[in-house]
Ligand code: KIV
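Numbering (the numbering used here), first residue to last: 0 to 262.
Right, here's the structure in full:
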């Protein structure tokens, strides 16, 4: 795989070429994902749940994300590697700069932050200081205790607010946007309204890219299986074939189907 950059993904968007993304936390899996042409790998703070066994992502620290970022970059040097900024690591713009620097030094090419209006200054500050930013709207898991659970966001009037926030984040300098658990019609509107690539998870088939937690495509679950998850290992039999099937289905626009999306 040739080196993937933000420009590569912007070009994919302009060409209408859908791309796959996965979370990754270590060099071995990252290597398999890259060999199967997954262009984007995210060291998600989901590691607090899938690696550490936590009930949510709030326990994760910047040092832990930096450690896993180094592992993933070692295994997949050509993927675009995005590192999640953990809960409270970007509560002020200054704190965000210091912690983003740690993640960029660990090898990330972009950092991801959850939130809308309150983050605009931080997004601009990071971007102006050469840290590419991926914004994250919709069901932002670090706010689970505000939402009162992992619930679909952006239904009804809230949809318009999310669209406006997405536009403002792009204007503030965000280079990419993750939309999580929003109605597919809203995700389509937002993806068409922005020039930056929009990656969906539980956001329907019309976003520019699709991301899943790697455990969800491999059928590794601790009980609860989200509606947007799809087990590709069961029908294919090997990890490499499962990843290949995910990449192909995303590329052809076959994943997610309505079964894995929200109205
Ligand atoms: O932490 C994570 O893995 C994420 C993805 C689910 C988008 O934020």
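Ideal placement from N, C-alpha and C gives every residue a C-beta, glycine not left out.
I'd like the span of the beta strand (DSSP E) that includes residue i, first residue to last.
i, result
"residue 81", "79-83"
"residue 132", "132-137"
"residue 110", "109-113"
"residue 0", "Unbroken run through residue 0: none, as it is neither H nor E."
"residue 250", "Unbroken run through residue 250 is the alpha helix (DSSP H), 238-250; no beta strand (DSSP E)."
"residue 209", "208-211"
"residue 179", "175-179"
"residue 41", "39-42"
Among the options, which residue has its Cα nearest to the Cα of residue i?
i, options, result
"residue 140", "46, 192, 237, 188", "46"
"residue 177", "217, 92, 43", "43"
"residue 151", "73, 260, 26", "260"
"residue 54", "222, 115, 247, 63", "222"
"residue 264", "254, 84, 217, 198", "Residue numbering for the chain in the displayed model covers 0 to 262; residue 264 lies beyond these limits and cannot be assessed."
"residue 233", "218, 224, 227, 33", "218"
"residue 226", "105, 166, 255", "255"
"residue 257", "244, 235, 229, 246", "229"
"residue 21", "251, 235, 198", "198"
"residue 148", "92, 187, 115, 56", "56"
Would you say residue i and residue j are within 8 Å of each other, going by their C-beta atoms?
i, j, result
"residue 68", "residue 89", "no"
"residue 80", "residue 108", "yes"
"residue 134", "residue 112", "yes"
"residue 195", "residue 179", "no"
"residue 17", "residue 249", "yes"
"residue 0", "residue 29", "no"
"residue 71", "residue 19", "no"
"residue 169", "residue 193", "yes"
"residue 40", "residue 65", "no"
"residue 31", "residue 240", "no"
"residue 173", "residue 132", "yes"
Starting from residue i and walking both ways along the alpha helix (DSSP H), at which residues does that stretch end?
i, result
"residue 48", "46-49"
"residue 200", "Where residue 200 is concerned, there is no enclosing alpha helix (DSSP H), although the beta strand (DSSP E) it sits in stretches over 197-200."
"residue 65", "61-74"
"residue 19", "Unbroken run through residue 19 is the beta strand (DSSP E), 18-22; no alpha helix (DSSP H)."
"residue 30", "26-34"
"residue 185", "183-192"
Less than 8 Å between the CB atoms is what I'm expecting for residue i and residue j, so what's the real figure, rounded?
i, j, result
"residue 189", "residue 211", "Actually they do not touch by this definition, with Cβ atoms about 19 Å apart."
"residue 167", "residue 119", "6 Å"
"residue 8", "residue 213", "Contact doesn't hold; Cβ gap of about 19 Å is too wide."
"residue 87", "residue 130", "Residue 87 to residue 130, Cβ: 18 Å. No contact."
"residue 136", "residue 164", "6 Å"
If you pair each beta-carbon of the segment 177-184 with each one of the segment 199-209, do three or more pairs fall below 8 Å?
-> yes
How about the segment 94-107 and the segment 136-155: do they share at least three Cβ pairs that are nearer than 8 Å?
-> no
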